[in-house]
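**Q**
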Amino acid sequence: MINDKLIIAKKKFNSRLIVGTGKYKTMSECAKAIKLSGADIVTVAVRRVNISDKKKPLLMDYIDPKKITYLPNTAGCFTSEEALRTLRLAREIGGWKLVKLEVLGDKKNLFPDMIETLRSTEVLTKEGFKVMVYCNDDPLMAKRLENVGASAIMPLAAPIGSGLGILNPTNIKIIRSQTKLPVIVDAGLGQASDATIAMELGCDGVLANTAIAKAKKPFLMSLAFKDAVIAGRQSYLAGRIEKTIYGSASSPTTGII
Amino acid sequence: MKKIKKIKIKVNGKFSTINENLSLFTLLNQLKIPLKKVAIELNHEIVDKKKLNNIKLKKDDKIEIVHFIGGG
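From first to last, the protein sequence lines stand for chains V and A. Sequential numbering of the first sequence, starting at 0, is according to numbering that gives the first Met the number 0. Sequential numbering of the second sequence, starting at 0, is according to numbering that gives the first Met the number 0.
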């Protein structure tokens with residue numbers, strides 16, 4: 000397992016769990032949960048600086064971008080234009096090229112607008128960004144994203160923050176089987192076992208935010224997700240047995256007294 | 000003595016009155032913005048942080064100062 004690294008845009012990461020930094024009660028709770036998760040990558044949002052309250056704590060003071068990879072996202076963007084503007088600004092803050100693109104199409108279910116997403120992926124790739132793309136669990140769209148230069152495919156398990164778990168494991172499996180890119184299940188996970196299932200489907204990683212941040216005990220859930228991702232990956236690599244409809248005794252049938 | 004002209008600009012969506020010809024660098028200093036942790040847009044164009052001193056603010060300029068916050 001030592002050499003089993005997650006590789007995104009030629010960069011190697013030890014952990015296959017990516018965690019979001021939103022929805023925590025405090026910055027210090029967020030920082031501790033991230034530490035416990037063992038994640039090497041965290042997603043972050045780009046927002047206006049609060050110029051009237053200068054004492055407001057800054058994320059960078061709690062999570063050191065030199066020690067952990069910041070993955071700027073475009074959360075809250077509903078058009079390609081907004082997403083491009085956001086990520087160009089993100090790059091300007093400190094040279095970030097690895098980004099998570101998410102262009103939403105509907106405020107209620109937060110499903111991605113795949114037409115805008117595809118268009119943005121193409122533009123960003125041409126501008127030198129390494130784009131990890133939040134997308135529907137649609138194999139055809141996933142292929143199109145790959146064709147325009149995406150660096151990772153991030154199909155949703157279920158609507159963002161819904162906690163429903165993986166609604167369409169078959170599609171996730173198809174997406175995994177048809178691409179050379181890393182596939183990272185993003186959004187909609189509710190508990191640690193959902194992460195294990197994603198990994199057992201062959202996915203390269205998992206992104207979790209709400210499931211950890213809004214758990215009754217976020218630190219314990221953070222640890223659970225860490226272990227769940229490792230267990231799922233090991234289970235996938237170990238290779239599961241074939242399913243049969245009949246029983247097969249585990250103990251030898253010879254020498255029975 | 001010549002009276003310094005005041006102008007109105009918008010910073011992060013809010014109106015602000017400043018002295019005409021104030022440099023963007025001085026404004027950001029006055030606002031105590033940690034330059035290493037932000038990106039700046041002036042009238043929808045990203046500003047090169049090395050050139051802040053050369054930019055003199057004009058009436059109706061729109062400035063956006065953004066940074067990273069928690070997000071999923």
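Every residue gets a Cβ at the ideal spot worked out from N, C-alpha and C, and that includes glycine. Values in this document were obtained by computation on a predicted structure and should not be read as measured data.
#1: Can you tell me which residues form a DSSP beta bridge with A207/V?
#2: What are the boundary residues of the alpha helix (DSSP H) that C29/V is part of?
#3: Are any of the Cβ atoms in chain A nearer than 8 Å to that of G19/V?
#4: I need the straight-line Cα distance from Q66/A to L83/V, nearest angstrom please.
#5: I need the straight-line Cα distance from I39/A to A230/V, nearest angstrom please.
#6: Taking the alpha-carbon of S36/V as reference, which of N2/V, A194/V, L200/V has the nearest alpha-carbon?
#7: So I62/A and R87/V are in contact, right, with Cβ under 8 Å, and what is the actual spacing, rounded?
#8: Please determine, among T209/V, L180/V, R239/V, the residue with the shortest C-alpha to C-alpha distance to I196/V.
#9: Give me the subset of the region 25 to 53 of chain V whose CB atoms are less than 7 Å from a CB atom of chain A, sorted by chain position.
#10: So for K9/A, helix, strand or coil by DSSP?
#11: Along chain V, in chain order, which residues have C-beta atoms closer than 9 Å to that of L30/A?
#12: Kindly indicate if chain A contains any beta-carbon less than 8 Å away from that of I92/V.
#13: Which term fits N135/V, buried or exposed, when burial requires 16 or more other beta carbons within 10 angstroms of its beta carbon?
#14: Does the beta carbon of T209/V come closer than 8 Å to any beta carbon on chain A?
#15: Can you tell me whether D185/V is helix, strand or coil according to DSSP?
#16: Thinking C-alpha only, which one of A248/V, A207/V, F12/V is nearest P158/V?
#17: Going by beta-carbon coordinates alone, are S150/V and L180/V separated by less than 8 Å?
#18: Give a yes or no on whether 8 Å exceeds the smallest Cβ distance from M59/V to chain A.
#19: What are the boundary residues of the alpha helix (DSSP H) that includes G93/V?
#20: So, under 8 Å CB-CB, I7/V and L97/V are touching, yes? Tell me the CB distance rounded to an integer number of Å.
#21: With distances taken from CA atoms, which of D226/V, L188/V, V205/V is nearest K213/V?
#22: Mapping DSSP to helix, strand and coil, what is T252/V?
#23: Tell me whether A44/V sits in a helix, a strand or coil according to DSSP, three-state version.
#24: Keeping to the same chain, check which residues put their C-beta closer than 8 Å to that of L117/V; ignore five residues upstream and five downstream.
#25: Taking Cβ positions, are K242/V and L16/V nearer each other than 8 Å?
**A** On the basis of the supplied data:
#1: Looking up residue 207/V in the first sequence gives position 208. BP columns for A207/V point to V18/V.
#2: Your numbering for residue 29/V matches position 30 in the first sequence. Taken as a continuous stretch (DSSP letters only), the alpha helix (DSSP H) holding C29/V covers 26 to 36.
#3: For this step, residue 19/V is matched to residue 20 along the first sequence. Chain A, which has a Cβ nearer than 8 Å to the Cβ of G19/V, makes this yes.
#4: On the second sequence, position 67 is the one that residue 66/A refers to. On the first sequence, position 84 is the one that residue 83/V refers to. According to the sequence as given, residue 66/A is His; it is not Gln. Each residue's alpha carbon lies about 16 Å from the other.
#5: Your numbering for residue 39/A matches position 40 in the second sequence. Your numbering for residue 230/V matches position 231 in the first sequence. In this structure, the CA atom of I39/A is about 43 Å from the CA atom of A230/V.
#6: Translated into the one-based positions of the first sequence, residue 36/V becomes position 37. It is A194/V.
#7: Within the second sequence, residue 62/A is the residue found at index 63, counting from 1. Within the first sequence, residue 87/V is the residue found at index 88, counting from 1. Not really, about 16 Å apart at Cβ, beyond 8 Å.
#8: Stepping through the first sequence from its first residue, residue 196/V is reached at position 197. Nearest of T209/V, L180/V, R239/V to I196/V, Cα basis: R239/V.
#9: Residues passing the 7 Å Cβ filter: C29, T42, V43, A44, V45, R46, R47, V48, I50, K53.
#10: For this step, residue 9/A is matched to residue 10 along the second sequence. It is a strand residue.
#11: Working through the second sequence from its first residue, we reach residue 30/A at position 31. Within chain V, the residues whose beta carbon sits less than 9 Å from that of L30/A are V48, I50, K53, listed in sequence order.
#12: For this step, residue 92/V is matched to residue 93 along the first sequence. Interface criterion met: the Cβ of I92/V is under 8 Å from a Cβ in chain A.
#13: Within the first sequence, the letter at position 136 stands for residue 135/V. N135/V should be labelled buried.
#14: The residue given as residue 209/V occupies position 210 in the first sequence. True, the Cβ-Cβ gap to chain A drops below 8 Å.
#15: Stepping through the first sequence from its first residue, residue 185/V is reached at position 186. In the three-state DSSP reduction, D185/V falls in the strand class (E or B).
#16: As a first step, residue 158/V is located in the first sequence; it is residue number 159 there, counting from the start. Of the listed residues, the one whose Cα sits closest to P158/V is A207/V.
#17: Here residue 150/V refers to the residue found at position 151 when the first sequence is read from its first residue. Here residue 180/V refers to the residue found at position 181 when the first sequence is read from its first residue. Yes, they are a contact pair.
#18: Taking the first residue of the first sequence as 1, we reach residue 59/V at position 60. Yes, M59/V counts as interfacial toward chain A.
#19: The residue given as residue 93/V occupies position 94 in the first sequence. Here the alpha helix (DSSP H) through G93/V covers 79 to 93.
#20: One-based indexing of the first sequence puts residue 7/V at position 8. One-based indexing of the first sequence puts residue 97/V at position 98. Their Cβ separation, rounded to whole angstroms, is 7 Å, which keeps I7/V and L97/V in contact under 8 Å.
#21: Position 214 of the first sequence holds residue 213/V. Closest in alpha carbon position to K213/V, among D226/V, L188/V, V205/V, is L188/V.
#22: As a working note, residue 252/V is residue 253 in the first sequence. Three-state result, T252/V: coil.
#23: Against the first sequence, residue 44/V aligns to sequence position 45. DSSP, reduced to helix, strand and coil, places A44/V within a strand of the structure shown.
#24: As a first step, residue 117/V is located in the first sequence; it is residue number 118 there, counting from the start. Correct list, in chain order: M140, R143, L144, V147.
#25: Mapped onto the first sequence, residue 242/V falls at position 243. Mapped onto the first sequence, residue 16/V falls at position 17. Cβ atoms of K242/V and L16/V: not closer than 8 Å.
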